[in-house]
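What follows is a set of notes on a single structure, which appears directly below.
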Amino acid sequence: ALVEALKNNQLAGAALDVTEPEPPGPESPLWDCPRLLLTPHTAGASARKEQRVVEIFHDNIIRYQNGEPLINLVDKTRGF
């Protein structure tokens, strides 16, 4: 119903942070749906989460400078 409503301009847009299954399979119509924002179940916020993002970013800068593998990379072959 959501995909059809977006395709038929019944809705201006939508955002989903949780899907079933998670993540949506490669055949899911959600991937090609117009005006739909999909996030990887990360919409919740907390001070600790923000601090952890900074720590990972910092660690990855050091890893990059040292020619080491980065952490938390997006795996494009898996669709997320």
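Under our numbering, residues 57 to 136 are what the sequence shown spells out, in order. Ideal Cβ positions, reconstructed from N, Cα and C, are used throughout, including at glycine. Bear in mind that the values here come from a model prediction, so they are computed numbers and not experimental data.
Mind checking whether residue i and residue j have CB atoms under 8 Å apart?
i    : j    : result
A70  : L58  : yes
N128 : I112 : yes
A68  : R104 : no
W126 : R119 : For clarity, residue 126 is Leu in the given sequence; the question names Trp instead. Cβ atoms of L126 and R119: closer than 8 Å.
Just confirm the distance between the C-beta atoms of residue i and residue j, as a whole number of angstroms; I'd bet it's less than 8 Å.
i   : j   : result
T85 : P96 : Sequence check: residue 85 is Pro here, not Thr. Actually they do not touch by this definition, with Cβ atoms about 18 Å apart.
So residue i is in the beta strand (DSSP E); what residue range does that whole segment cover?
i    : result
L129 : From DSSP, L129 is part of no beta strand (DSSP E); its letter is neither H nor E.
A61  : No beta strand (DSSP E) holds A61; the alpha helix (DSSP H) holding it covers L58 to K63.
A70  : A70 to L72
Among the candidates the options, whose CA atom is the shortest distance from the CA of residue i?
i   : options                : result
C89 : N65, A101 and V109     : N65
L93 : E124, P77 and D73      : D73
L62 : N122, E76, P82 and W87 : W87
### Start-end ranges of the alpha helix (DSSP H) lying completely within the segment 78 to 108, minimum 4 residues
none
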